[in-house]
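First comes the structure, then the notes that go with it.
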Amino acid sequence: MPISEAAVTIPRPVAQVWDFCTCAGNAGVYLPGTIEVELLTDGGLRVGTVWRGRSRFLGPAISWTGSFTEVEAHRLTVFRSSESPFAFSAISHFTERDGGTHLTYRMETEAGLGGLFGRLADPIVEKAYARALQVGLENLAVVLASD
Numbered sequence: 001m002p003i004s005e006a007a008v009t010i011p012r013p014v015a016q017v018w019d020f021c022t023c024a025g026n027a028g029v030y031l032p033g034t035i036e037v038e039l040l041t042d043g044g045l046r047v048g049t050v051w052r053g054r055s056r057f058l059g060p061a062i063s064w065t066g067s068f069t070e071v072e073a074h075r076l077t078v079f080r081s082s083e084s085p086f087a088f089s090a091i092s093h094f095t096e097r098d099g100g101t102h103l104t105y106r107m108e109t110e111a112g113l114g115g116l117f118g119r120l121a122d123p124i125v126e127k128a129y130a131r132a133l134q135v136g137l138e139n140l141a142v143v144l145a146s147d
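The working numbering numbers the first residue of the sequence shown as 1 and each following residue consecutively.
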């Protein structure tokens, strides 16, 4: 299972980073290839909250739907796809560090975006996504630091 992970420390309180990252409409700021994301359920973020979106990374745009299977406010989210050309999970860890927030984002997919590029390309796709994810998280830090 290919895994891509990136992390950044943002000079803002955990609550502020959490609020920004758990708003579906902000996902495009920090997630590579995100075209759109929308909230399909009512209420705040909790286990069972459903998001639907469209993303493009190294290929055609895909549509996906999934839900949050774990939510620990200001600490952890786990999102799992339920409808997608390939299964994926996204895990976010928020920790207080140096007066700011350390955010680690981990994307786990079945074979390299569902074998879209072939299993031999999995390590290349994994590294490319990790680099793009790091750039996305650094962009998030810039956006939140400028508020």
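Built from N, CA and C at the ideal position, the CB exists for glycine as well.
Among the options, nearest to residue i - alpha-carbon criterion
i: PHE94; options: SER63, SER55, TYR129 and LEU137; result: LEU137
i: SER146; options: THR41, THR49 and PRO11; result: PRO11
i: SER4; options: GLU83, SER55 and ILE91; result: ILE91
i: PRO85; options: GLY99, PRO60 and THR101; result: PRO60
i: ALA196; options: ALA24, GLY33 and ARG52; result: The question about residue 196 has no answer here: the residues shown for the chain are numbered 1 through 147.
i: LEU39; options: LEU31, THR22, VAL29 and SER55; result: THR22
i: THR41; options: ARG56, SER67 and PHE20; result: SER67
i: THR109; options: THR101, GLU96 and PHE88; result: PHE88
i: LEU31; options: ASP98, THR101, ARG56 and LEU76; result: ARG56
i: GLU72; options: ASP19, PRO123 and VAL8; result: ASP19
Cβ-Cβ distance between residue i and residue j below 8 Å
i: HIS74; j: ALA141; result: no
i: THR65; j: VAL78; result: no
i: VAL37; j: GLY53; result: yes
i: GLN134; j: ALA24; result: no
i: LEU144; j: VAL17; result: yes
Per-residue burial, residue i [other beta carbons within 10 Å of its own, 16 or more giving buried]
i: PRO2; result: buried
i: GLU126; result: buried
i: SER82; result: exposed
i: LEU103; result: buried
According to DSSP, residues forming a beta bridge with residue i
i: SER55; result: THR34 and ILE62
i: VAL135; result: Per DSSP, none; premise fails for VAL135.
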